[in-house]
Amino acid sequence: MGLTANTDEITRDYFNSIMITPRYLTDNTAELPDTSISLWGREYKTPIMTAALSHLHNICENGMREFAIGAKTAGALHFVGMCEENELDDILSGGADTVKIVKPHADEQVIYDKLKHAIDGGCVAVGMDIDHAVSSAGTYDNVFGLPMLPKTTSQIASYVKACGEVPFIVKGVLSASDAYKSVEAGASAVLVSHHHAMMNSMTPPLFMLPEIVEAVNGKAKIIVDCGFESGMDVFKALALGADGVCIGRNLMGPLKEGGAGVSRRIDEINKELITVMARTGCQKISDIDDSVLRFRSF
Numbered sequence: 000m001g002l003t004a005n006t007d008e009i010t011r012d013y014f015n016s017i018m019i020t021p022r023y024l025t026d027n028t029a030e031l032p033d034t035s036i037s038l039w040g041r042e043y044k045t046p047i048m049t050a051a052l053s054h055l056h057n058i059c060e061n062g063m064r065e066f067a068i069g070a071k072t073a074g075a076l077h078f079v080g081m082c083e084e085n086e087l088d089d090i091l092s093g094g095a096d097t098v099k100i101v102k103p104h105a106d107e108q109v110i111y112d113k114l115k116h117a118i119d120g121g122c123v124a125v126g127m128d129i130d131h132a133v134s135s136a137g138t139y140d141n142v143f144g145l146p147m148l149p150k151t152t153s154q155i156a157s158y159v160k161a162c163g164e165v166p167f168i169v170k171g172v173l174s175a176s177d178a179y180k181s182v183e184a185g186a187s188a189v190l191v192s193h194h195h196a197m198m199n200s201m202t203p204p205l206f207m208l209p210e211i212v213e214a215v216n217g218k219a220k221i222i223v224d225c226g227f228e229s230g231m232d233v234f235k236a237l238a239l240g241a242d243g244v245c246i247g248r249n250l251m252g253p254l255k256e257g258g259a260g261v262s263r264r265i266d267e268i269n270k271e272l273i274t275v276m277a278r279t280g281c282q283k284i285s286d287i288d289d290s291v292l293r294f295r296s297f
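Once you know that position 55 of the sequence shown is 54 in numbering that gives the first Met the number 0, the rest is easy, because the numbers rise by one and skip nothing.
The structure is reproduced here in structure tokens:
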């Protein structure tokens, strides 16, 4: 790893350090496990969600819309990152349940305008990427000419209030402190993430999950992303207390085939999840817990 530990490598190492203990004897052998979930009064076929990505037109034509179509076809919740207003409108016209994540813009009015446009357009939830405020050059971030600034807990609370009944998600949470403050501000969910190694030597999201679950204390949903590649990875996150898992990079290759490729890959990962559930005696998502986990020390 060199002198400074690579966060993505640490994350994969931690995934691999978690082992599963099977439970084959069961009272229910008639049906395969059910992976459906309910979130904010809406039903989804899987706890797998698409990550809040941006600029996917470089992967395939109308990449942002195709990504959303793939999520809809798979019965999954769809997250979207940076995009123009007309692009978001195009994404929403495809009918996918979409969560719009906005950046921590320095201009507060830009934030409120983007949140309002997303809500008026029919987004099922909105949120903010709080970890995109500081650049790697020791300055406040600037994304495509748009200045960013860190946000306070009271500012988050004001965004939550402005969104009314629409759930607000704080993305980029990687500490119990941020999780607790997000819930205190009224967030409906936290998205546990290190933004695919925004900084070296960051703790893996799964490593932090137990602390974050304790801090949230059932007051908000917990979604996690970064480095998920399989149904086994998803199962481990759910067992540690996550309510859902976002997948991004693992869907980029399939996206070259458009929405059909994305849908197919989500379905493949979900079937892998079903297999792990069946082999651990979990008939539904709520049956999954950390009693089947063991942590390697050898």
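Built from N, CA and C at the ideal position, the CB exists for glycine as well.
Quick caveat: nothing in here was measured; it's all calculated off a predicted structure.
{"query": "Express the C-alpha separation of Ile129 and His195 in angstroms, rounding to a whole number.", "result": "14 Å"}
{"query": "In this structure, does DSSP put Lys71 in helix, strand or coil?", "result": "helix"}
{"query": "Kindly indicate which residue of Gln282, Asp286, Ala277 has the alpha-carbon position closest to the one of Pro21.", "result": "Ala277"}
{"query": "So, for Gly93: in the same chain, excluding its five sequence neighbours on each side, which residues have a beta-carbon less than 7 Å away from its beta-carbon?", "result": "Arg64, Ala67, Ile68, Lys71"}
{"query": "Quick one: using the 10 Å Cβ neighbour count with 16 as the cut-off for buried, is Met207 buried or exposed?", "result": "buried"}
{"query": "Considering Cα atoms alone, identify which of Leu55, Met198, Ile58, Ala73 is closest to Ser35.", "result": "Ala73"}
{"query": "Measuring only the C-alpha atoms, how far is Gly62 from Thr25?", "result": "43 Å"}
{"query": "According to DSSP, simplified to helix, strand and coil, what is Ser92?", "result": "helix"}
{"query": "Under a Cβ-count criterion, where at least 16 other Cβ atoms within 10 Å of its own Cβ denotes burial, should Met18 be classed as buried or exposed?", "result": "exposed"}
{"query": "Roughly how many angstroms separate the alpha carbons of Ala132 and Met147, rounded to a whole number?", "result": "5 Å"}
{"query": "Below 6 Å CB to CB, which residues in the same chain sit around Leu250 once its five sequence neighbours on both sides are set aside?", "result": "Val261, Arg264"}
{"query": "Return helix, strand or coil for Ile17, following the three-state DSSP convention.", "result": "strand"}
{"query": "Rank Val291, Ala51, Gly230 by C-alpha distance to the C-alpha of Thr97 and give the top, closest one.", "result": "Ala51"}
{"query": "Which ranges would you report for the beta strand (DSSP E) in the stretch 131-197 if only whole runs of at least 3 residues count?", "result": "167-172, 188-191"}
{"query": "Which class does Thr49 belong to by DSSP, given the choice of helix, strand or coil?", "result": "strand"}
{"query": "Could you tell me if Tyr23 is buried or exposed, where buried requires 16 or more neighbouring beta carbons within 10 angstroms of its beta carbon?", "result": "exposed"}
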